[in-house]
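Number of protein chains: 2
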Amino acid sequence: MAASIEDVARRAGVSIATVSRALRGLPDVATATRDRVLAAAAELDYVASPFAARLASGRTNTVGLVVPFISRWYFGEVIDAVETTLRMAGFDLLLYNLGDEAGRARFFERMPMRKRVDAVLIASLVLAENEIDALLTLGCPLGSLGLEHDNFLSTSIDDAAGARVAAQHLLALGHRRIATIGGDPDDPMRITPPLRRREGFRSALREAGIEPDPQLEQLGYFTLAGGLEACDRLLALPERPTAIFAESDEMAFGAIRSLRLHGLRVPEDVALIGFDDHVTAEVLDLSTIRQPVPAQAHDITTRLLAAVEAGDDEPPTVDVVLPTELVVRGSTDPSRSVYQS
Amino acid sequence: MAASIEDVARRAGVSIATVSRALRGLPDVATATRDRVLAAAAELDYVASPFAARLASGRTNTVGLVVPFISRWYFGEVIDAVETTLRMAGFDLLLYNLGDEAGRARFFERMPMRKRVDAVLIASLVLAENEIDALLTLGCPLGSLGLEHDNFLSTSIDDAAGARVAAQHLLALGHRRIATIGGDPDDPMRITPPLRRREGFRSALREAGIEPDPQLEQLGYFTLAGGLEACDRLLALPERPTAIFAESDEMAFGAIRSLRLHGLRVPEDVALIGFDDHVTAEVLDLSTIRQPVPAQAHDITTRLLAAVEAGDDEPPTVDVVLPTELVVRGSTDPSRSVYQS
DNA sequence: CTGTTAGCGCTTTCAA
DNA sequence: TTGAAAGCGCTAACAG
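Chains as they are written, first to last, in our numbering: chain A, 1 to 341; chain B, 342 to 682.
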């Protein structure tokens with residue numbers, strides 16, 4: 001069997017209490033004693049049993065991360081960054097994937113993280129009242145990525161502002177008939193961006209004296225295939241748009257494909273801008289609104305850990321908003337285009 | 342504070358041992374007693390403390406999943422499927438992302454899963470001797486996804502056979518000058534597919550009496566951008582290939598982009614086939630070799646859990662190989678093409 | 001079928 | 001600065 005704290009204590013000639021203190025770097029341990037303990041632990045290849053430690057201390061050293069999906073670009077980036085940040089802080093990551101409505105309902109009903117995490121991070125979910133209540137019963141710091149919630153720490157971008165910038169970029173290029181491909185605000189999974197990006201887009205048009213045309217707002221469901229179909233519908237209109245704002249790069253990729261299949265050139269026939277700055281956007285020469293996903297994930301995770309460290313079970317709501325950035329590439333600017341005509 | 346087992350025992354008028362048995366569904370509990378316990382637990386909204394249970398039983402009800410990357414299609418699918426399977430079995434998922442060589446070295450040195458998992462699943466990694474030894478010290482069932490290892494349960498596909506089928510498909514279409522875009526067999530991260538897919542590709546050519554031409558084998562590093570550049574290099578050859586086999590769909594997507602930028606038609610000028618059947622392959626009308634990622638992940642996870650359940654710390658090596666399937670789309674078959682010419 | 005009693009391997013007072 | 005001892009909240013014999 002693996003060595004226990006008693007083995008180390010015996011070997012170092014001290015009590016188990018001293019071993020515990022020495023190994024955790026607590027003060028009030030003589031340097032010589034600490035060295036002896038460290039040496040003994042190293043020789044025995046000792047690691048503390050996390051479960052015993054958790055039971056005794058009440059701290060789990062684990063953070064729960066809740067995502068609606070795993071296999072989408074944004075969430076992959078989030079999981080990656082959160083995992084890295086937690087790992088460096090010596091925390092474990094407990095991952096919960098909602099998957100669909102049924103999974104979401106089951107999750108909030110059973111609250112499977114009860115008694116097993118020090119903090120919870122929710123990624124890009126618009127939470128209902130009862131869902132928030134369920135999380136609050138956990139009695140630990142709560143974090144939200146992508147939008148604010150009362151009683152949550154949050155880190156996000158200004159989706160509306162980003163969408164405005166995208167629309168304004170197209171307007172500045174002289175476009176007046178601008179379409180958007182977006183998520184479904186009524187999607188039962190209620191993920192964050194749809195509502196706000198749509199809103200920002202519309203406000204930019206209105207400021208330019210253009211009344212948003214419902215026909216020019218198509219649903220792409222945040223998938224490539226959805227973006228393709230939405231673009232097909234736009235191109236089937238009697239008067240097609242001269243520019244398209246896709247509320248995510250993945251939908252923009254689908255739009256590129258659709259435009260190609262229709263024999264239309266980008267940006268000469270139709271200009272296109274996305275949102276996210278997906279790794280693939282550069283390759284496809286897609287203009288976009290860049291959002292810093294790893295930075296957001298790192299920021300919220302770090303602050304959540306700080307709250308745990310401070311023993312602050314209900315930290316005051318603090319919302320951090322990170323900037324987005326317009327990235328102009330060939331899909332809107334012909335002078336930069338690497339597309340074939 | 343949350344209710345403990347004693348609260349439930351008191352409320353149900355039984356001992357804590359009975360509560361434990363009743364709640365875990367053990368036999369030898371009178372139905373009436375069980376009902377009373379269940380009712381009391383429900384009223385108190387009781388859930389057992391996993392840490393106390395783990396400490397007492399020695400079982401962690403947790404499986405460690407080790408992946409080299411998170412933000413790649415294959416691994417996203419794997420994480421998703423493993424998480425779902427574990428969740429349904431009441432197990433927690435502990436996710437470890439290697440990220441790069443340094444992270445990989447750190448992982449195998451510290452073995453951060455020691456004393457915290459009942460089984461370990463390694464995704465698509467070619468393990469070195471010392472890495473295998475490190476894992477064996479965990480003394481729990483080990484699983485490998487994507488290739489076999491001694492002393493591991495494994496589930497994979499026959500990468501070589503899949504690649505052969507891809508090459509044979511191109512040969513059957515009359516192509517003789519066939520290129521491949523693959524991973525780097527010398528990649529320090531040593532992920533699985535590169536070696537075998539390359540091998541299968543070459544053997545198919547040889548059987549057709551064609552000696553593989555090193556110039557026609559380019560590295561795409563399993564990324565879209567890498568695939569694009571590899572394809573650029575192929576098209577820059579004095580005599581360009583008439584068909585390309587990309588060892589992953591993501592690299593094939595890059596190749597599609599490259600071909601487009603060169604003004605070449607698919608499949609008229611250059612035929613293209615990928616490997617994986619990425620969700621996007623259908624949208625891009627890409628022929629490919631379909632591999633069942635969720636099924637593989639589910640199979641290995643289920644068998645790993647069975648070994649845990651059986652208390653079988655060193656289950657005999659059993660390698661399951663799931664079939665791949667040729668999916669013909671427009672990128673190789675002009676008659677099915679939806680591409681613009 | 002049910003209760004009693006030891007632990008599981010740590011952390012954390014409290015004394016010394 | 002260190003040690004003794006009392007738990008943390010369960011599970012698992014062992015009796016009865």
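Cβ atoms here follow ideal geometry from the backbone N, Cα and C, with glycine treated the same way. Please read all numbers here as calculations on a predicted model, not as lab measurements.
Under a Cβ-count criterion, where at least 16 other Cβ atoms within 10 Å of its own Cβ denotes burial, should residue i be classed as buried or exposed?
i	result
A353/B	buried
Q215/A	exposed
P526/B	exposed
V659/B	exposed
M88/A	exposed
S465/B	buried
D617/B	buried
P664/B	exposed
Q340/A	Summary for Q340/A: the model assigns pLDDT 43, below 50, so the residue's position carries little reliability; its value from the coordinates is reported in the next sentence. The residue is exposed, with fewer than 16 neighbouring Cβ atoms inside 10 Å.
P608/B	buried
R670/B	buried
D640/B	buried
D249/A	buried
D285/A	buried
P529/B	exposed
Under 8 angstroms between C-beta atoms, does residue i make it to chain B?
i	result
E207/A	no
A83/A	Ala is not the amino acid found at residue 83/A; the sequence shown has Glu there. By this cut-off, E83/A is an interface position.
A30/A	no
I70/A	yes
G13/A	no
D333/A	no
A225/A	yes
A342/A	The question about residue 342/A has no answer, for chain A in this structure spans 1 to 341.
L26/A	no
L44/A	no
L136/A	no
V47/A	yes
Please confirm whether residue i has its beta-carbon closer than 8 angstroms to some beta-carbon of chain A.
i	result
V624/B	yes
E418/B	yes
G671/B	no
G595/B	yes
D421/B	yes
T642/B	no
R455/B	yes
N492/B	no
P391/B	yes
N438/B	yes
P577/B	This sequence places Ala at residue 577/B; Pro is not what is there. Chain A, which has no Cβ nearer than 8 angstroms to the Cβ of A577/B, makes this no.
Q681/B	Since pLDDT at Q681/B reaches only 43, below the 50 mark, its modelled position is unreliable, and the value read off the structure follows with that caveat. Taking Cβ atoms only, chain A reaches closer than 8 angstroms to Q681/B, which makes this a yes.
D433/B	yes
A343/B	yes
L627/B	no
For a quick check, are the C-beta atoms of residue i and residue j less than 8 angstroms apart?
i	j	result
R197/A	E247/A	yes
I191/A	I411/B	no
A501/B	E552/B	no
L494/B	P656/B	yes
S335/A	L272/A	no
L94/A	D433/B	yes
A545/B	G568/B	no
V388/B	R114/A	yes
I463/B	V662/B	no
To which residues does DSSP link residue i through a beta bridge?
i	result
Y437/B	V407/B
G143/A	L121/A, L153/A
L237/A	None, per the DSSP bridge assignment.
F586/B	T521/B, I614/B
D319/A	S154/A
I191/A	L125/A
Over what stretch of residues does the alpha helix (DSSP H) that includes residue i continue unbroken?
i	result
Q291/A	First-last for Q291/A: undefined, no H or E at that position.
S599/B	590 to 602
E347/B	346 to 353
E77/A	73 to 88
L170/A	159 to 172
What are the boundary residues of the beta strand (DSSP E) that residue i is part of?
i	result
I614/B	612 to 614
F449/B	From DSSP, F449/B is part of no beta strand (DSSP E) but of the alpha helix (DSSP H) over 442 to 451.
L560/B	558 to 560
G182/A	178 to 182
V668/B	666 to 668
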